[in-house]
Amino acid sequence: MKIAGVNLGETTFKKKLKDGSLCIVDENDTPTVFVEERLCGIKHAGGFERSFTAAKEQGLLERLDMLVVSTCCEPVRNDLDQLSQIFGCEAISVNHHLSHAHQVFHSSRFKETIIIVSDAGGNTLEGFDNRGFDWWKYNREQLSVFLANDQGINLLDRHYSAPYEIGPGEFWRYMTYFCGFDSSSKAAKVMELAGFGNPKGRTYFFDGFNKNIPNLPPDKNLGEKIVLEYFGRTPDMRDFQNKIDIAAWAQRSLEQAYEKIARHYAISTNQTNLCLAGGVALNCKLIQKLRSLDIFNDIYSGYAPSDRGQSLGNAIYGKHRFDGTHKSSKIYSSPFLGPHRYTRKKDIELSLKKHKNMYINSDGFDPSLVLKLLEHGFVVGTCVGRGEVGARALGNTSLLAMPNTPGIKQRLNNIKNREKYTPVASAVDQKTHKLIFGKSYKNYEYMAELVRPKSEEKILPSAIVHADKTVRVQLISGNSDCYLRSLEAENNKKSVPTSPFIILNTSFNLAGRAMPHSSDQAIEQFQKMDCDCMLLSGETMLRRKTARLEANIEKFTSTESTYFDIDDIYNSRHLIEKNFGSIEFREKFSLFENYIDWMRAGRKVTTIRYIQDGVSLPVSGEIPLIKTSNFKQTSLFSEDFSVKINGVKIKKFCELNQLDAQRDGFEKTSHLKRTLLTIYNNISSDSYVSINFIELVM
C-alpha cells in the first residue's frame, strides 16, 4: 500500500499554519519527505503546494492508495473531498497529537513506551459553536499521554486541555515574547538563555498557579502579566541578568511540570521507556533533566518531534492502520528522508556564471581533502545526499568546522547572524563519546539533548561547552546516509587518528532562511555567507576565491620551542629571554579599527607584535581591547570588549609565510610584511615577532 501524508497550510477559518510538508511511504515502506520551507526558501512555511509539485515531477504521487491529513487549532477535518480529487485517492484525517505519537514511536525502536506529546496546541476536542473560531475557548489538545506497543497507540490522558488553560507549549510561547524575541519560532533562544541564569521563586505549574490567568494567544504581552502576578513585579528585561533569570525560571517550570507527569505514568503503567513529541520536545535541556532523574531506562524524542515531522506521522498512521501492525520500525529511524539530491557538474557551472566570487575546486571532493581543510580552519558547507527531515542539520545540510580553530564559535554565529551566546553543537565519534561522556543513547544521534562530561577534569574545546558546562552532542552513527561518517572513516585511516574526534556542526542556512533543498539554493546562500567552501551532491566542491586558512593553533613537538600556550608563558619566560631577548608584557591590546571588524567576521585570528631586541607578550590570557584609528596610535579609544589570547608563536620576520598572512587577515605574505613595515619602522629581516592567537570577547 502506498500512502501520502500532508499537514494542511491553513484552518477552515483561514488561520495560517507553519511547518508544512508532504510525505510518501511507498509499497516497500520507504519514506520520502518534502519539507515545504526548503522548497520555497522561507523558514516555517506552511502548506504543501511546492512539495506536491516536486513530488509529482519525480513520479512519487502515482498510484496512491491513501492520503492522510492533519491540521490543528480546529476540530479534526472531514471536508476532504477536494484533497481526495487532487491526490486521486481516498483521504482520511488523523488527530494532531496522535500523528506526532506515531512518528516518534515508529522511529524509536522501542517495543513499548509511554509517549508525551505537547505543543502550543493541536486539534480542538469539540466542534466550533457560538464561541466562534477562537480555539483557546474550547477543550483542546495541549499535552497528551499515550501508551504504545505492538497492539497500537492508545490515549491514556490529556492535561491542560480545558478552555483558556495555559499548557507548557503556550507558556513557553509567552515567555519567548517576554524575553524579547519577536516570534514564537525563536523559542529555542529562551532555552539558550536559561543556561546562564539562576531560577528564582516557585515554579509556574507546580502548584496549579497556571490556572489563575486565562489563556489568550493573540495577546503577546500575556507573559508580562504572568510574571507580574507570579513575582509581584515586572523586571526590567533590558537588564541581561533579569532576562537570563526569567528564562531559567521558565525552564525549571517546564522541567518540573514534565517530571511530575512522567513520574506518575511511569509508576501507573510500569513502563521504563519514554518518548517525547510535539514542539516542546525540541527542548534539549528538558530531555537532559528527565534523563538525569533515572525514572526511565531510555528516553527518545528523535529527529522530527515538531510539526516538520507531522506529514511523516500522518503517513505512518495510515500505513500501520491498514497493514494492521504497530511495531516500531528501523525504517523510520533515519533522519535523512528528504528526496535524493544530485546535481550535474555542468548545471553547477551554469549557476556559477551568476556568482563570480566562487569556483569549482579542481582538487576534487575526496573526504581526505575535506578533513584537511577543516583541520586548517576552513568552514565547510554541505548540501549532499538526502536532506534531514527535522529542524536540526545532522551533517548533510550543515556548516562544519573544527572546534579548536581560534574564534570559530564567534565566526559561525556571525555567519548566521545569531546572538553571541548561541551555543554550537558538536558531532563526535563513538570512541570520543565513550571517553568523554560515557554511555550513549539513540537520541544522541539526533542532537536532541544535552550531555555532561563524565568528569569536569576533561578539558574540552570552549566552542562546544555551554555556560552550564553541558554539551549538545551528535553521536556519529553507523548510518551510511550521514556525510559525517565519511569524515570519521577518513580520520580512522590516519596513522595517528585525531582523538578526540570532534567536529562543530550547525545548520547550513542564513538567518531567516531555510536549509537548502537544491544545489541552486545552496549556491545562492553560499555566495552570501562567509563560508570558505561547500560540498554539493554529485561530488562537486565549490571554493570561495577569497577563502582564507583560518587555521587552528598547530600542535608542536617537544623539540619545537617557538609556540607557547598562554598558561606556559610565565613558566617559560627564562627560556624566552634566553632565546629571543627581553620581554615586554602588555596589559592592553591595541588594534586598528578595521582589524577589529576583521575579527568580528572571523577573518583575523592572529595579530603580530614587535619590539626592538625582544618580544612583546600579553600579561594574561584576557586583556582589554583598545581601538586605534591609525597605525601610529595617536588616537586611542577604549572598547567595551577584551581580547582572549590562546597562545603565542615566536618566529623571525623573514620566516613569516602565506599561512601566517591568511591567519592575520591578509591575502598574501607580501601584504602582511608591507603592513608590518609600515607600523614598525625599525623591524629587520632577522627581528623576532610574536604571533598572538586571539579571539574577541564581548
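Residue 3 is where the sequence shown starts when you use the numbering used here, and the numbers rise one by one after that.
For every residue, glycine included, the Cβ atom is placed at its ideal position computed from N, Cα and C.
Rounded straight-line distance, which links the Cα of residue j to that of residue i
{"i": "Q710", "j": "V8", "result": "In the structure as shown, the chain begins at 3 and stops at 700. Residue 710 is therefore absent and cannot be evaluated."}
{"i": "A516", "j": "H102", "result": "22 angstroms"}
{"i": "S294", "j": "R588", "result": "46 angstroms"}
{"i": "E492", "j": "P499", "result": "9 angstroms"}
{"i": "T561", "j": "P518", "result": "Legend: pLDDT at T561 = 33, less than 50; position of this residue unreliable, value from coordinates given subsequently. In a straight line, the C-alpha of T561 is about 47 angstroms away from that of P518."}
{"i": "E552", "j": "E541", "result": "Caution applies to E552, whose pLDDT of 39 falls short of 50 and renders its modelled position unreliable; the value that the coordinates give is listed next. Their Cα atoms are separated by approximately 24 angstroms."}
{"i": "E476", "j": "T564", "result": "The residue you asked about is not Glu; residue 476 is Gln in the sequence shown. Roughly 36 angstroms separates the two Cα atoms."}
{"i": "S109", "j": "S335", "result": "4 angstroms"}
{"i": "C385", "j": "F338", "result": "12 angstroms"}
{"i": "I318", "j": "I297", "result": "29 angstroms"}
{"i": "P165", "j": "A150", "result": "28 angstroms"}
{"i": "N554", "j": "L661", "result": "Residue confidence for N554 is low, a pLDDT of 37 falling below 50, so the modelled location carries little weight and cannot support an answer."}
{"i": "V78", "j": "R142", "result": "11 angstroms"}
{"i": "L10", "j": "I215", "result": "31 angstroms"}
{"i": "I410", "j": "S53", "result": "35 angstroms"}
{"i": "E556", "j": "N406", "result": "With a pLDDT of 38 at E556, under the threshold of 50, the modelled position of this residue cannot be trusted; read the value that follows with caution. Cα-Cα distance, rounded: 10 angstroms."}
{"i": "I5", "j": "R265", "result": "37 angstroms"}
{"i": "S464", "j": "S428", "result": "11 angstroms"}
{"i": "I116", "j": "L145", "result": "13 angstroms"}
{"i": "I693", "j": "K496", "result": "29 angstroms"}
{"i": "R40", "j": "S520", "result": "8 angstroms"}
{"i": "F558", "j": "F566", "result": "Note that F558 has pLDDT 30, beneath the 50 cutoff, so the model's placement of it is unreliable and no number is given."}
{"i": "D688", "j": "S539", "result": "49 angstroms"}
{"i": "H104", "j": "N316", "result": "8 angstroms"}
{"i": "Q635", "j": "I681", "result": "With a pLDDT of only 49 at Q635, under 50, the local geometry of the prediction cannot be trusted, and the value read off the model is given with reservation. Looking at the two C-alpha atoms, the distance is approximately 10 angstroms."}
{"i": "E458", "j": "T472", "result": "10 angstroms"}
{"i": "P220", "j": "D136", "result": "10 angstroms"}
{"i": "S86", "j": "A93", "result": "5 angstroms"}
Candidates the options, of which the one nearest residue i by Cα
{"i": "I504", "options": "F510, N511, L512, N494", "result": "N494"}
{"i": "I696", "options": "W174, T608, N684", "result": "T608"}
{"i": "F346", "options": "I362, S335, K356, Y334", "result": "Note that residue 346 corresponds to Arg in the displayed sequence, not to Phe. Ranking the options by Cα distance to R346, first place goes to I362."}
{"i": "H99", "options": "L41, R160, L678, K547", "result": "R160"}
{"i": "F50", "options": "E64, V71, L66", "result": "V71"}
{"i": "C656", "options": "I647, R676, K4", "result": "R676"}
{"i": "V645", "options": "R611, Q614, V192, L698", "result": "L698"}
{"i": "V617", "options": "R175, I88, K651", "result": "K651"}
{"i": "V282", "options": "R240, V119, G22", "result": "V119"}
{"i": "D67", "options": "R611, D522, L82, F89", "result": "F89"}
{"i": "G366", "options": "V391, L544, F324", "result": "L544"}
{"i": "L437", "options": "A427, G61, V453, F36", "result": "V453"}
{"i": "F591", "options": "F643, T399, S574", "result": "F643"}
{"i": "E377", "options": "H357, E390, K356, A403", "result": "A403"}
{"i": "A47", "options": "R575, G22, L69", "result": "G22"}
{"i": "Y162", "options": "P201, A450, N217", "result": "N217"}
{"i": "V35", "options": "L62, K16, K18, L19", "result": "L62"}
Rounded Cβ spacing between residue i and residue j (contact assumed at less than 8 angstroms)
{"i": "T13", "j": "C75", "result": "6 angstroms"}
{"i": "E257", "j": "K213", "result": "Not a contact, Cβ separation roughly 20 angstroms."}
{"i": "F207", "j": "A259", "result": "4 angstroms"}
{"i": "G280", "j": "G171", "result": "7 angstroms"}
{"i": "G199", "j": "A249", "result": "5 angstroms"}
{"i": "Q529", "j": "N359", "result": "6 angstroms"}
{"i": "F107", "j": "I44", "result": "F107 to I44, Cβ: 31 angstroms. No contact."}
{"i": "R474", "j": "C277", "result": "Rounded, the Cβ-Cβ distance is 20 angstroms, inconsistent with contact."}
Contact under 8 angstroms by Cβ, residue i with residue j
{"i": "Y344", "j": "L396", "result": "no"}
{"i": "L537", "j": "V372", "result": "yes"}
{"i": "L678", "j": "I685", "result": "yes"}
{"i": "D483", "j": "R388", "result": "yes"}
{"i": "M531", "j": "I647", "result": "no"}
{"i": "K629", "j": "I598", "result": "yes"}
{"i": "L284", "j": "A190", "result": "yes"}
{"i": "L195", "j": "K245", "result": "yes"}
{"i": "K433", "j": "S501", "result": "yes"}
{"i": "S330", "j": "F183", "result": "no"}
{"i": "G225", "j": "M177", "result": "yes"}
{"i": "P341", "j": "S488", "result": "no"}
{"i": "F510", "j": "G383", "result": "yes"}
{"i": "N275", "j": "D300", "result": "yes"}
Beta carbon proximity, residue i to chain B, threshold 8 angstroms
{"i": "S497", "result": "In the structure shown, chain B does not exist; there is a single protein chain."}
The ligand SAM heavy atom lying under 7 angstroms from the CB of residue i
{"i": "C533", "result": "Summarising the ligand content, the structure contains no ligands, and the ligand SAM is consequently not present."}
Does the segment 572 to 592 come into contact with the segment 661 to 675, if we say contact requires no fewer than three beta-carbon pairs (one atom in each stretch) closer than 8 angstroms? no
Pairing CB atoms from the segment 15 to 35 with CB atoms from the segment 55 to 63, are three or more of them under 8 angstroms? yes
Can you confirm whether the segment 348 to 357 touches the segment 120 to 132 when touching is taken to mean that 3 or more C-beta pairs between the two stretches lie within less than 8 angstroms? no
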